[in-house]
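Asker:
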Amino acid sequence: MSWESIEEWPGGVRGDAFRSAAEPILAQRRSRSWGERVRAFLASTDEERLEHIVDKVAITESRVYVERASGARFRAPRASLIGLQREGRKVRYGVYHGDDFVLYTRDGCDVEEMLADQLGEPSERLLLKSQMLPLGVILFGGFVVTGFAATSIWNLRNYDLGYLFAEGLYTSEGALAFYLALGLLAAALLFWLLMPARTHADKLGLHRTRGVFRLLRWHVPVEEVELITVREVAGVAIDIVAELNTKRRFGGSTDVQSCVLETIQVAKGKLRQSRALARHRRRAVEACLAGRTLGDESAKEHDER
2 MSWESIEEWP GGVRGDAFRS AAEPILAQRR SRSWGERVRA FLASTDEERL
52 EHIVDKVAIT ESRVYVERAS GARFRAPRAS LIGLQREGRK VRYGVYHGDD
102 FVLYTRDGCD VEEMLADQLG EPSERLLLKS QMLPLGVILF GGFVVTGFAA
152 TSIWNLRNYD LGYLFAEGLY TSEGALAFYL ALGLLAAALL FWLLMPARTH
202 ADKLGLHRTR GVFRLLRWHV PVEEVELITV REVAGVAIDI VAELNTKRRF
252 GGSTDVQSCV LETIQVAKGK LRQSRALARH RRRAVEACLA GRTLGDESAK
302 EHDER
């Protein structure tokens, strides 16, 4: 693990004064604002739990120090930082063999500027295609299901549900209308929360979001991606699959050790072309995970020839 648990913050006067003076702070970031705390709470996921959110950051010549929302303090070598990725107002910093950390952008932040100078521009991000329907179709279906749910809930005003359930009339017309309304409401929520699914690959690893508002997020660090393979499915489709060296959830409800990143449908009589496309897409994923562009990979293959 890159992170090392510590008790003292660098530059303090507690303990050996000579030791603290040996690691002067080059840049420091104060605690989160209330707005950042609210955004972090709303965006918390399994990979970015509240206790893992970074509250304070300090940068020295050789290390990065963080204090998480739980109060725990850690440090890691600056050499273990592998890249950065921007997601709106959030910046994710990748830490090799350690939990990534996320900061919300601030104007004139010395920490952000120093890390940007070290890591350079955000790594190239590759959007992987899936079998999900186009966004327009998904939005139309979501509004239709939501409309049916709203109509069913509105129609419940014609029934005295308290009386029906108090009398044990669980299969009456009003009770069935209540069950239908609940089912449609649950379907509408699942529709908006789970569709569509988007998968990205970059130097930091693999990322997947679900839902129109991207509230559900999963992340696989690059060091846990063991291999990118191609699998043919009964001659009708070809999957680009990531083999992991540990089990993780990646867009589903269970831990898996391999996950489908992209599916290429095979048209009739086009198997050879589809195989070539699958190899091309596999190389593109591998290039992004390695911090290279596909153009760099093609040039490397040309030189090897």
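When you read off a place in the sequence shown, starting at 1, and then add 1, the result is the number in the numbering used here.
Built from N, CA and C at the ideal position, the CB exists for glycine as well.
1. Just to confirm my understanding: we take L177, look at its own chain, exclude 5 residues before and 5 after, and list those with CB closer than 8 Å. What are they?
2. Let's see if you can read the secondary structure: which residues bound the alpha helix (DSSP H) around H281?
3. Suppose you measure from the CA of V261 to the CA of T247; what does that come to, to the nearest Å?
4. Under 8 Å, with one C-beta from each stretch per pair, do the stretch 257 to 275 and the stretch 177 to 187 reach the 3-pair mark?
5. Out of S81, I83, F102 and L245, which one is the CA nearest neighbour of R74?
6. The alpha helix (DSSP H) spanning W155 covers which residue range?
7. How is Y66 classed by DSSP in three states: helix, strand or coil?
8. Distance, Cα to Cα, A41 vs V231?
9. Considering only DSSP beta bridges, list what K91 is partnered with.
10. Whose C-beta lies closer than 6 Å to the C-beta of L104 among residues of the same chain, with five residues either side of it excluded?
11. Could you tell me whether the stretch 144 to 151 touches the stretch 182 to 189, using the rule of 3 or more Cβ pairs below 8 Å?
12. Can you check whether the CB of E224 is closer than 7 Å to the CB of Y94?
13. Between the C-alpha atoms of E305 and G292, what's the straight-line distance to the nearest angstrom?
14. Just to confirm before moving on: does the CB-CB distance between R327 and V65 stay below 7 Å?
15. Straight-line CA distance for E68 to E113?
16. State the Cα-Cα distance for the pair R90 and A235, rounded to the nearest angstrom.
17. Would you call the CB atoms of S153 and L165 closer than 7 Å?
18. Given a threshold of 16 other Cβ atoms within 10 Å of its Cβ, counted over all protein chains shown, does R76 qualify as buried or as exposed?
19. Pull up the distance between the alpha-carbon of V226 and that of Q274, whole angstroms please.
20. When burial is assigned at 16 or more other CB atoms within 10 Å of the CB, is F141 buried or exposed?
21. Taking the continuous alpha helix (DSSP H) assigned at G184, which residues delimit it?
22. From which residue to which residue does the alpha helix (DSSP H) around E113 run?
23. Quick one: which unbroken alpha helix (DSSP H) runs of 4-plus residues sit fully inside the stretch 237 to 274? Chain order, please.
24. What does a CB cutoff of less than 6 Å around H208 pick up in its chain, not counting 5 residues either side in sequence?
25. May I have a chain-ordered list of the alpha helix (DSSP H) segments no shorter than 4 residues that lie completely inside the stretch 202 to 241?
Answerer: In short, the structure shows the following:
1. Start at 1 with the first residue of the sequence shown, and residue 177 comes out as number 176. Excluding sequence neighbours, L177 sits near nothing in its chain.
2. Against the sequence shown, residue 281 aligns to sequence position 280. H281 -> alpha helix (DSSP H) spans L272 to L290.
3. Position 260 of the sequence shown holds residue 261. Position 246 of the sequence shown holds residue 247. Rounded to whole angstroms, V261 to T247 spans 15 Å at the Cα level.
4. no
5. Against the sequence shown, residue 74 aligns to sequence position 73. The shortest Cα separation from R74 among S81, I83, F102 and L245 belongs to F102.
6. As a first step, residue 155 is located in the sequence shown; it is residue number 154 there, counting from the start. Note, W155: alpha helix (DSSP H), L136 to N156.
7. Reading the sequence shown from its first residue, position 65 is the one you call residue 66. If DSSP states are grouped into helix, strand and coil, Y66 belongs with the strands.
8. Numbered from 1 along the sequence shown, position 40 holds the residue referred to as residue 41. Numbered from 1 along the sequence shown, position 230 holds the residue referred to as residue 231. Taking the straight line from one Cα to the other gives about 37 Å.
9. What you label residue 91 is simply residue 90 of the sequence shown in a count that begins at 1. Paired residues: E88 and Y105.
10. Counted from its first residue, the sequence shown places residue 104 at position 103. Contacts found: V92.
11. yes
12. To locate residue 94, count along the sequence shown from 1; it is residue 93. To locate residue 224, count along the sequence shown from 1; it is residue 223. Not in contact: Y94 and E224 (Cβ atoms no closer than 7 Å).
13. Within the sequence shown, numbered from 1, the residue matching residue 305 stands at position 304. Within the sequence shown, numbered from 1, the residue matching residue 292 stands at position 291. Model confidence at E305 stands at a pLDDT of 42, short of 50, so the residue's coordinates are unreliable; what they give is reported in the following sentence. E305 and G292: Cα-Cα distance of roughly 19 Å.
14. This structure cannot speak to residue 327, because the chain is shown only from 2 to 306.
15. In the sequence shown, the residue the question calls residue 68 occupies position 67. In the sequence shown, the residue the question calls residue 113 occupies position 112. About 16 Å.
16. As a working note, residue 90 is residue 89 in the sequence shown. As a working note, residue 235 is residue 234 in the sequence shown. One C-alpha to the other measures close to 43 Å.
17. For the purposes of this step, residue 153 is taken as the residue at position 152 of the sequence shown. For the purposes of this step, residue 165 is taken as the residue at position 164 of the sequence shown. No, they are not a contact pair.
18. As a first step, residue 76 is located in the sequence shown; it is residue number 75 there, counting from the start. Taking all protein chains in view, the Cβ of R76 is crowded by 16 or more other Cβ atoms within 10 Å, so the residue is classified as buried.
19. As a working note, residue 226 is residue 225 in the sequence shown. As a working note, residue 274 is residue 273 in the sequence shown. Between V226 and Q274, the C-alpha separation is close to 27 Å.
20. Indexing the sequence shown from 1 puts residue 141 at position 140. Classification of F141: exposed, given that the 10 Å Cβ count is below 16.
21. Here residue 184 refers to the residue found at position 183 when the sequence shown is read from its first residue. That run of the alpha helix (DSSP H) goes E174 to L195.
22. As a position in the sequence shown, residue 113 is number 112, starting the count at 1. Per DSSP, E113 belongs to the alpha helix (DSSP H) from D111 to L120.
23. Secondary structure within the stretch 237 to 274: not one fully enclosed alpha helix (DSSP H) run of 4 or more consecutive residues is present.
24. The residue you call residue 208 lines up with position 207 of the sequence shown. H201 and H220.
25. For the stretch 202 to 241, not one full-length alpha helix (DSSP H) segment reaches 4 residues or more.
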